[in-house]
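K.L.:
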Amino acid sequence: MSPAPHERPLPACASRWELAPNLPDYTTTYTQFQWSQAQQLLLQGSDTEAPYHLNIAHLTVDRHAAGPLREQLALRWLGPDGQTRDYSYAQLSALSN
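The sequence shown begins at 149 in our numbering and counts up by one.
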């Protein structure tokens with residue numbers, strides 16, 4: 149039985165990719181994952197008055213829209229008839245606020 153897609157190693161050419169994969173080794177990441185570390189990363193900079201409240205819109209869009217990635221592609225919509233629409237972080241932030 150062949151391994152599941154997420155368990156297959158990256159191809160050798162991955163070292164030449166312009167951007168490094170954000171999850172190069174699924175198995176290691178999976179086995180070393182700890183919820184406490186994930187919580188700590190997600191709550192960085194959160195309100196100290198409400199330390200366990202998470203603003204997912206801020207984490208996924210607004211913090212990038214307010215920084216140097218504001219014009220970076222954030223979302224590419226692919227329509228059923230082949231049409232595409234690209235949205236930057238700044239555009240997504242404006243559309244969602």
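We put the beta carbon where it would ideally sit given N, CA and C, even for glycine.
For my contact list, LEU240 and ALA222 are in at a C-beta cut-off of 8 Å; report their separation, rounded to the angstrom.
P.N.:
Reading the sequence shown from its first residue, position 92 is the one you call residue 240. Reading the sequence shown from its first residue, position 74 is the one you call residue 222. Indeed, because the Cβ distance is near 5 Å, the residues count as touching under 8 Å.
K.L.:
Write down every uninterrupted run of the alpha helix (DSSP H) in the region 169–227 whose length is 4 residues or greater and which is fully enclosed by it, in chain order.
P.N.:
If we require 4 residues or more, the alpha helix (DSSP H) runs fully inside the region 169–227 come out as 174–180 and 183–190.
K.L.:
Let me check one thing: in DSSP terms, what residues is ASP229 bridge-paired to?
P.N.:
Counting from one through the sequence shown, the residue named residue 229 turns up at place 81. DSSP output for ASP229 lists no bridge partner at all.
K.L.:
Smallest Cα separation from GLN188: which of THR177, LEU202, SER163 and ARG211?
P.N.:
The residue you call residue 188 lines up with position 40 of the sequence shown. Considering only alpha carbons, the answer is LEU202.
K.L.:
Please classify SER150: does DSSP put it in a helix, a strand, or coil?
P.N.:
Here residue 150 corresponds to residue number 2 of the sequence shown, with the count starting at 1. It is coil, neither helix nor strand.
K.L.:
At what residues does the alpha helix (DSSP H) containing LEU240 begin and finish?
P.N.:
In the sequence shown, residue 240 corresponds to position 92, counting from 1. Segment 237–244, the alpha helix (DSSP H) holding LEU240.
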